[in-house]
Structure formats: C-alpha cells, structure tokens
Amino acid sequence: MESNTVDKDIARYIAEAVESYLAPDGKRLSVVSLKTVASISRSKRIPAKEVEITALKQGIIPRRYLRNMGTIGLDGQIKLLQSTVAVVGAGGLGGTIIELLARQGVGHLIIIDNDRFTEQNLNRQIMSTEENLGEYKVTVAAKRAGEINSAITVTTFRERLTRENTQKLLGGAQVVADGLDNLPSRLVVEQACRQLAIPYVYGTIAGFCGQLMTIFPEDAGLPSIYGSSNAIPEQGIETKIGNPPATPAIIAALQVQEVVKIITGVGKPVRNQILLVDSRECAIDRIELRR
Amino acid sequence: MALITVRFYSLWRSYLGTDSTTLQADHIDDALTQLEEKFGYQLRKKLETAGIHLDGKIQDYSLILLNGIALRNLRSTALKEGDVLHIFPPAIGG
C-alpha cells in the first residue's frame, strides 16, 4: 500500500516534468530528461533507477534510453533496469562488457577482479589509461560505470573467484558474463552458474579470433569442446599471438548482446553452439555441439 | 573406408588457405594421421613465419570435434560416411 502511494507520487512528479520528443520517424514520444530523473531521485530520496522504471511503466522514456527502444522496447528496458549481471574479470573482455552494460542500462552490475592495470593492458583494456596504471581494475570500472550511468548500482569484489566464494560473489546475479583469461577459472564459473541455475556467457579471444557460447544450466557447455577429462589446457594460442585491441571489443560486444537477449527475451542466444569469429578473414562460423 | 570432411576454422583456416578437405578413413586415429601428413608441416611452417613455435602434431594444439562432439568425449572412434571433423585452435584469452 505504502509503496503504491510512493509510486503514484513519483509518477505524478514524472508526469509534471514530461517532455515531448519528435523521433526521427516522425512519431511523438513522451520522454523524461536525465536532470529530471536525478532531481526526483534526490528530492524523493529514491534510487534514480526506480524513477526510470516508474517512468517506463507509464510509457515515458528516459531520454538516455531512446535509442534502445526500437530493439528491446519499454518492457525490455524495465527488465534490464531490474536485473543484476555479474562480470567476472574487468580486463579486455570485461572492461568493454561493463562499459556497454552500463550504457544499456543494466540496473545492477557485480564486478569481480583482483588485478591492477599494467602497461601491457593499455593496448586493449578499454578502462585502462596511462593515468590509472597501478589502480585496481574494479575501482576504475565502478567509477567509469557510474560516470556513464548514475542510475545503476555497482557492487565490486576485489578478489579472485574460487570454488569457495562463488556463492558470495555471484549470488543474486541473473546472468554471468565472462571476462576471464584462463580456462580453469572459466570451469569454476561454469560450475557455479550451474549450481546457481543461471546462464553463463562464455567468451574468449586470441589474435584476430574469438569464441562465444551462452551456457544455460542444462546445456552441455565447456566439456563439449574441451572434453570431460582433467587434461585441459590452461591457456591457448593467445599466449603466442597476443590480443590486439579490436578482438576483445568484438567478442565483448557479442557477449553483451547475449546478456541483453537473455534478460529481455528478445532474439535467440547462442546455445549448444560455439560461435567462432575470425576477424582476419571476416568469417563467423557456428558449430552445433553435441554430448 | 568412410569419406569424411574436415573443416578448419579461425586461424587454422587462414594459415592453411582452405576451409575444408576430405579424407578416406575408418578410424579417428587414421584420420588424424592423414591430417598430420597432409597439413602438419604446412601449418607449423606458417605459424613459425608468424613467430609461433608449436611442438607436436596438429591434434596436440587444436580443439577437435567429431560431428560436434569433443574427441575426448567420443564413445566410438569408428568413422562413418559423411562424418565431419571440426578443427580450430584454442583461444582462451580475455
């Protein structure tokens, strides 16, 4: 009852500040500005995210999400704002995943990484700058996410994900996105996601190439490509051919698209298939995986 | 003898200059031996040119699936007409 009153109250404030926006297709839309959202959030002492959700529920679009509407709609944006996504690793893949999820408007990000930025990260890790070398990746990533989207909340864990702490680190997440750089950790995350009954968006890179797969708890997952034995490689050819700047951006962008599809229900995630991206030849292949 | 198709992906396709080949073989081991004879030297030479030295046979540094099943998970190593081997390098970075 009380929350309904608060909702109505906020709805009234939003309605008073609503603006009309002429979309490129000639359609008139009701929108609300960043400034209005922030001011209602401050005066009513409620999270900006809640103000945005209340607006969207009335068909009023926060201006910042206008260009998201055509793909995921009002309902999709509400689902994203209400969701929690964990990003394990805030380096090459993870940095770009965090950047894009914040822009997309995922309401709560959990960022896990125990590393600091070093000079060799500068070529590809989008969060790293000459200025922030030596700083913890999670600290930089949380700051950046907040600068991009002040309505979202960010939880950081400056530790390495292990079998022992997965529940604490990943609990509450609806999807986990992979920003790791070795296979043993990925197997730990996959196992944890199965236990938590949540999907895991696997992504890897090496040179001009990358791989992607969305693994739901009931899917065959990583054993279907690496085999079930313990004789798995820790690292791949990236140790020899390196990771140029564009490759993590390509794979991370596809991973973010998977997260968006999973949460909004729009489109079809890449399940029980491995997507192989070769940007040198501009080729994308899918292999159907079987048990 | 079964006629099988071998498909190369990502870097292997670039380095071998082809996306597939066919082989006549009855068992997976036989197919891998032929693959090594046909492409092993060429692949390692291309990798060497790019400054990458890899020891062993193609199968030692590749991920290989037979009809979408990892070789380590195969219940039978016998091949049948129309089988497809998928081969690509492990990419594990992030």
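Protein chains in written order, with my numbering: chain E, 1 to 291; chain G, 1001 to 1094.
Glycine residues also receive a C-beta, built at the ideal position from the N, C-alpha and C atoms.
Nearest CB-CB separation between Ile1087/G and chain E: not below the 7 Å threshold. Taking C-beta atoms as the reference points, Gly171/E and Glu190/E fail to come closer than 7 Å.
Each residue's CA atom was taken as its position, placing Ile205/E and Ile10/E some 45 Å apart.
In the DSSP secondary-structure assignment, Glu19/E is bridged to Val31/E. Contact of Ala253/E with chain G is not assigned, every C-beta pair being separated by 7 Å or more. Contact with chain E is absent for Ile1064/G, since none of that chain's Cβ atoms lies less than 7 Å from the residue's Cβ. Proximity of Leu276/E to chain G, defined by a Cβ-Cβ separation below 7 Å, is satisfied.
In this structure, DSSP gives Gly94/E a helical state, which the three-state scheme calls helix.
In the three-state reduction of the DSSP assignment, Thr71/E falls in the helix class. Taking a Cβ-Cβ threshold of 7 Å, the residues of chain G close to Leu180/E are Gly1094, in chain order.
Among the bridge pairs identified by DSSP, Ala86/E is matched with Ile110/E, Val176/E. Those residues of the region 1011-1037 of chain G placed with their C-beta closer than 9 Å to a C-beta in chain E are Leu1011, Arg1013, Ser1014, Asp1019, ordered along the chain. Interface residue (Cβ-Cβ distance to chain E less than 7 Å): Ala1078/G is not classified as such.
Considering only beta carbons, the part of the region 192-221 of chain E lying closer than 8 Å to chain G consists of Gly203, Thr204, Ile205, Ala206, Gly207, Phe208, Cys209, Gly210, Gln211, in chain order. Judged by beta-carbon spacing, Gly210/E lies within the 7 Å limit of Thr247/E, meaning their Cβ atoms are closer than that value. DSSP, reduced to helix, strand and coil, places Cys193/E within a helical segment of the structure shown. Exposed is the label assigned to Gln120/E, since fewer than 16 other Cβ atoms lie within 10 Å of its Cβ. Taken atom to atom, the span from the alpha-carbon of Ala48/E to that of Asn1067/G is near 50 Å. Taking each of Leu196/E, Gln257/E, Gly179/E in turn and checking the Cα distance to Asp115/E, the smallest one comes out for Gly179/E. The Cβ of Gly1056/G sits no closer than 7 Å to any Cβ of chain E. In the DSSP assignment, Arg271/E forms a beta bridge with Thr214/E.
Three or more beta-carbon pairs drawn from the region 257-276 of chain E and the region 71-84 of chain E are found closer than 8 Å, and the two stretches are therefore classed as touching. Spanning the alpha carbons of Gln167/E and Leu196/E requires a straight line of approximately 8 Å. Between the alpha carbons of Phe157/E and Lys268/E lies a gap of roughly 31 Å. Look at Arg116/E here: in three-state DSSP terms it is strand. In this structure, Arg1007/G sits away from Gly227/E, with a CB-CB distance that is not shorter than 7 Å.
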